[in-house]
Amino acid sequence: MPVSTPEQPAALPDLTVDSTQGSFNLQTLQGHYTLLYFYPKDLTAGCTTQAQDFRDLLPDFEKLGIKIYGVSRDSLKSHDKFTLKENIPFALISDPNETLCRYFDVIKTKNMYGKQVQGIERSSFLFDQQGQLVQSWRKVKAAGHAAMLLNFIQQQG
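Numbering (the working numbering), first residue to last: 14 to 170.
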């Protein structure tokens, strides 16, 4: 069983979340592989690129039995706009109170235009069918990240 640290939780939490596809408890995701990817903000250049890449590669992830969920602090209203504009077929989880973000320790101090701000560090977490953490990726780049994850998972075969 993976070891849990403040930076690396070992399992999906017992937490109910709101998403563009309804509310659900994360532990109900057991039974298939789950990829949670955290991104800073809807409708921004990098986050749009990342969502488009996951959207375009979704059939390949699904063939491997993996379900994808995007997570940010944006509201459901913002997620709905993002989903419609970019034709995103997977659920986007709204975490305005940063509960899930803090559980996964993705809220970090960033330097934005010379000011220190708290924001989401782009990160991804892959869980197995029992909800146990398989692998995490932190401080990732938006472009090419989805393809890199898919390649990693295919190599694990």
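We put the CB at the ideal spot given by N, CA and C, even for glycine.
Helix, strand or coil for Y52? Go by DSSP, reduced to three states.
Taking the sequence shown and counting its residues from 1, one reaches residue 52 at position 39. Y52 falls in the coil class under three-state DSSP.
Mind checking which residues open and close the beta strand (DSSP E) that includes Y82?
For the purposes of this step, residue 82 is taken as residue 69 along the sequence shown, with counting starting at 1. Per DSSP, Y82 belongs to the beta strand (DSSP E) from I79 to S85.
So, for I133: in the same chain, excluding its five sequence neighbours on each side, which residues have a beta-carbon less than 7 Å away from its beta-carbon?
For the purposes of this step, residue 133 is taken as the residue at position 120 of the sequence shown. So the list reads F51, Y52, P53, S85, R86, C114, V119 and I120, once near-sequence residues are dropped.
Which parts of the stretch 57 to 134 are runs of the alpha helix (DSSP H), unbroken and 4 residues or longer, counting only runs that do not cross its ends?
Runs found: 58 to 76, 89 to 99 and 112 to 116.
If distances are taken between C-alpha atoms only, which option among S137, L146 and T112 comes closest to A155?
As a first step, residue 155 is located in the sequence shown; it is residue number 142 there, counting from the start. Considering only alpha carbons, the answer is S137.
Is the separation between the beta-carbon of F95 and that of L105 shorter than 8 Å?
Working through the sequence shown from its first residue, we reach residue 95 at position 82. Working through the sequence shown from its first residue, we reach residue 105 at position 92. Yes, the pair counts as a contact, with Cβ atoms nearer than the cut-off.
Give the range of the beta strand (DSSP E) segment to which L25 is assigned.
For the purposes of this step, residue 25 is taken as residue 12 along the sequence shown, with counting starting at 1. Here L25 belongs to no beta strand (DSSP E), and DSSP marks it neither H nor E.
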